[in-house]
Amino acid sequence: MHYISKLTYYLVIILIILSINFFLPRAMPGDPLAYVLGENPDMPTRMTEEEREMRLAEYGLDKPLLEQYLNYMVGLSRGDLGCSIYYNTPVMDEILVRLKWTLLLTGTSTVIYMLLGIFLGAESAWARGKKKDTGSLITILTVSSFPTFFLGTLLAIFFAANLDLFPLGGARIIGASYANPFEKALDILHHLVLPAATLIIAHIGGTYLLMRNSMLSVLGADYILSARAKGLSERYIMNRHAIKNALLPVVTMAALTVQFMIIGTIFVEKVFAYPGVGNLLYDSVLRRDYPLLQGIFLFIAISVVIANFIADMTYLWLDPRVRDE
Amino acid sequence: MTGVTVKDVLGSLGLGILVILVAVSIFAPQIAPYDPHDTYKPMEHPSSEHLLGTNDVGNDILSEVIYGTRVSLFIAFTVSITAIVIGTALGLIAGYSGGVLGFLIMRIVDIFLTIPRLVLIIVIAAFMPRSIWTIIVVFIIFGWVMTARIVRSEVLTLRSQYYVESARMLGGSDLYILWRHILPNVIPLVVVQFIMEASHVIIAEAGLSFLGLGDPVARSWGTTFHYAFECPNIITSDVWMWWMLPPGLCIVATVLGFTFVGYALEERLNPKLKTVVGMGV
């Protein structure tokens, strides 16, 4: 029963997102045709009346709103997100070409920042009130105050421009021919270090604080006291009793933070000229490529909703108390 | 050091930073050496005339950053105050009256929390004219949600408290109870929420402006950074030191100021947290 109502809820959300995407160019000040053609809506158009009508018909903008809406939905169901003005290719193709890089970048960073955040948060809570705890708390609060683009730029300046340890940008050396797959992997990894490091530093704060708080409340529980009374070693209590129980809220939050990760990726990919979906979004804003921009928005929004749905399902499955309510 | 905790130190430090920044934004015309729109020789290195040099069109960078304080803080405060007032009002209604209206408000809250906020903000802002009002409006649209949710759940608890029930039995009207008994108890939560929202808006506005969606005339720190970033070869030369570092550090300082104040206030204003967080620092 829970599963069905959740599913309905998420389907409604997706319908709302699709509708926002449809009505956005039509509700905004300015001519919807200007958005489809990528013209600056603030500038007077140079089109003649006949030309304009021809264009409107070409994009189906002369039809009644309801018919436009239905056509849009039918197109979407076929995976048709429209055509990019700048590239003059289907939006879906442009996204798919870049998707693998974004998945590589976000995937690697998510795994590392989660593990690192859990470890540091647990250690910090264990040493609560001591210098080590205060030190890491202040460091992490400070680092979390850096906007992602500023953090990335600083890393690029120090480690790429000045120390020359890593490449300034890109996902691999353009036009390089590799002797073997291992060499290729190494090159990709070399390009991945700085963007991934930026994302990890920018996102570790949330997991760290959550884990620290969760650990602190677990440490006050009776079973920790009895474990101590049994004479178990501190390390053993921490690893076997405390961390395990403190993990639940952190795991639940993991999928919910997907959207922050995706937003961070937009900035990181821009700073490091990483050829992913985020960089494409930035370019589409600058070039006023509205069909591309809207396609990427839909793609990201729906991915995030699906991630949230999976998180909800996992939570129901993990915690019987919620399930049987 | 007896009686002075890390929280107190951080709190005062944060407050100090915020007071300085507010002062800079109020007295920007007196402090800034030039009008940020006056043009001089472009791409000048720092000198006694231009302490932070000039940008690609010849504006004095120091003046631009000083005036940027105004833009960034104005956006942050306008958005968070409006969003918090709306959120508190809707949260009070949803929590106190319940019914269809309350249900409707909470469904909207759920939907807003599920849709990725900043991505939608980027798309909407891309369709609207580039101005600080665009940014203010789009942030308010999404800013009230969390507050409404937090206030509602607090009101639900407060509503069934004995003193609220007795006030009602003594014939207190709904408006009187809300104003006299519920609101004062919600205020501490709202203050913490205001600080968190303000610091969120500072970072999000900087991000939006970095993407080129900021007001090109009233330049915030993020917009200054955007134009610096779009300039070729900036990070391989020394120019970043006076063109990127100052606006970047201003953003960090502001967010830190809010974070530290929020961190120090959280426990003092919300004693319930003490049992969990208070075990720590």
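Here the protein sequences line up with chains A and B, keeping their order.
Each residue of the first sequence is one higher than the one before, counting from 1 in the numbering used here.
Each residue of the second sequence is one higher than the one before, counting from 1001 in the numbering used here.
Cβ atoms here follow ideal geometry from the backbone N, Cα and C, with glycine treated the same way.
Touch test, the stretch 163-182 of chain A against the stretch 262-275 of chain A, Cβ-Cβ under 8 Å, three pairs minimum: yes
C-beta contact flag for S145(A) and V1255(B) at 7 Å: yes
C-alpha gap between L292(A) and L1213(B), whole angstroms: 17 Å
Same chain, Cβ closer than 8 Å to I1164(B), neighbours up to 5 away in sequence not counted: The question names Ile, but residue 1164(B) in the sequence shown is Val. Same-chain partners within the cutoff: L1158, I1177, H1181, I1182.
Nearest-angstrom Cα separation, counted from I237(A) out to I266(A): 41 Å
Whether G1053(B) touches Y1040(B) by CB criterion (7 Å): no
Cβ neighbour criterion (16 or more within 10 Å) applied to M1146(B): buried
N- and C-terminal bounds of the alpha helix (DSSP H) containing F1225(B): 1221-1230
CB contact check: T259(A) to chain B, cutoff 7 Å: In the sequence as displayed, the identity of residue 259(A) is Gln instead of Thr. With 7 Å as the cut-off, Q259(A) counts as an interface residue toward chain B.
N-terminal and C-terminal residue of the alpha helix (DSSP H) that P330(A) is part of: Past the edges of chain A, shown from 1 to 325, lies residue 330(A), and the structure says nothing about it.
Short Cβ contact (7 Å threshold) for L103(A) with V91(A): no
Per-residue contacts from Y282(A) into chain B (C-beta, under 7 Å): L1211
Segment limits, alpha helix (DSSP H) that includes I1111(B): 1099-1114
Within-7 Å CB hit, V97(A) to chain B: no
Under 7 Å from the C-beta of F1194(B): neighbouring residues of chain A: What F1194(B) touches in chain A: nothing, since even the nearest Cβ is about 18 Å away.
Test: T1039(B) CB closer than 7 Å to a CB of chain A: no
From L1249(B), T1088(B), L1208(B), residue whose alpha carbon lies closest to that of S1153(B): T1088(B)
For D1174(B), three-class secondary structure by DSSP: helix
Residues near H241(A) by beta carbon distance below 7 Å, same chain, minus five either side: Y223, I224, A227
C-beta atoms of I1061(B) and I1031(B) nearer than 7 Å: no
Sequence-distant residues of the same chain with beta carbon closer than 8 Å to I1234(B), five excluded per side: A1228, W1240, W1243, M1244
Presumed contact (8 Å Cβ cut-off) between S1072(B) and E1205(B), rounded CB distance: 7 Å
Secondary structure of T1005(B), DSSP reduced to three states: coil
Same chain only: Cβ atoms within 7 Å of L1010(B), ignoring 5 sequence neighbours per side: F1260, Y1263, A1264
Per-residue contacts from V285(A) into chain B (C-beta, under 8 Å): I1122, A1126, L1211, G1212, L1213
Range covered by the alpha helix (DSSP H) that runs through F1194(B): 1183-1210
Same chain, Cβ closer than 6 Å to K184(A), neighbours up to 5 away in sequence not counted: Y178
Euclidean distance between Cα positions of W1221(B) and G1248(B): 7 Å
Per-residue contacts from N308(A) into chain B (C-beta, under 8 Å): T1114
Under 7 Å between C-beta atoms of R212(A) and S124(A): yes
7 Å Cβ cutoff, T8(A) in contact with chain B: no
Members of the stretch 1238-1253 of chain B that neighbour chain A once the beta carbon cut-off is set at 7 Å: W1240, M1244, G1248, I1251, V1252
Contact the stretch 201-208 of chain A vs the stretch 276-296 of chain A: 3+ CB pairs below 8 Å: no
Cα-Cα separation, F299(A) to I17(A): 10 Å
Cutoff 7 Å; reference L1051(B); Cβ partners in own chain excluding five residues on either side: L1062
Within-7 Å CB hit, L1021(B) to chain E: No chain E is part of this structure, whose protein chains are labelled A and B.
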